[in-house]
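Trainee:
In my numbering, the protein residues as written are 369 to 450.
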């Protein structure tokens, strides 16, 4: 864990977050294959939230300089997911 570590490199922090994202996707995909008490719509919304969160983290939200790439990326994640 990185809690309490004040002297870490940016690269170490990025790798740590990358590992968190990767492990979370593995858990989400594994849990998605099992029975759930939630509705299909809720599960779909949760997956879309995870997708858009990763997209914004990975590529930025284009808040400071919006362009069509950011809009298209977000639309492709929510409207036309793979």
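Glycine is no exception: its CB is placed at the ideal position from the N, C-alpha and C atoms.
Going by C-alpha to C-alpha distance, which of 424, 437, 405, 411 sits closest to residue 397?
Mentor: The count along the chain shown starts at 1 and reaches residue 397 at position 29. Of 424, 437, 405, 411, the residue nearest in Cα terms is 411.
Trainee: Can you tell me where the alpha helix (DSSP H) holding residue 414 begins and where it ends?
Mentor: To locate residue 414, count along the chain shown from 1; it is residue 46. Element bounds for residue 414: 408-427.
Trainee: Is residue 404 helix, strand or coil when you go by DSSP?
Mentor: In the chain shown, the residue the question calls residue 404 occupies position 36. Looking at residue 404 - three-state DSSP - the assignment turns out to be coil, as it is neither helix nor strand.
Trainee: Compute the beta-carbon to beta-carbon distance between residue 420 and residue 445, rounded to the nearest angstrom, for a pair I have assumed lies under 8 Å.
Mentor: In the chain shown, residue 420 corresponds to position 52, counting from 1. In the chain shown, residue 445 corresponds to position 77, counting from 1. Yes, they are in contact, since the Cβ atoms of residue 420 and residue 445 sit about 5 Å apart, within 8 Å.
Trainee: Between residue 382 and residue 394, what straight-line distance do the alpha-carbon atoms span, to the nearest angstrom?
Mentor: Sequence index remark: in the chain shown, residue 382 carries index 14 (1-based). Sequence index remark: in the chain shown, residue 394 carries index 26 (1-based). Those two C-alpha atoms are separated by around 18 Å.
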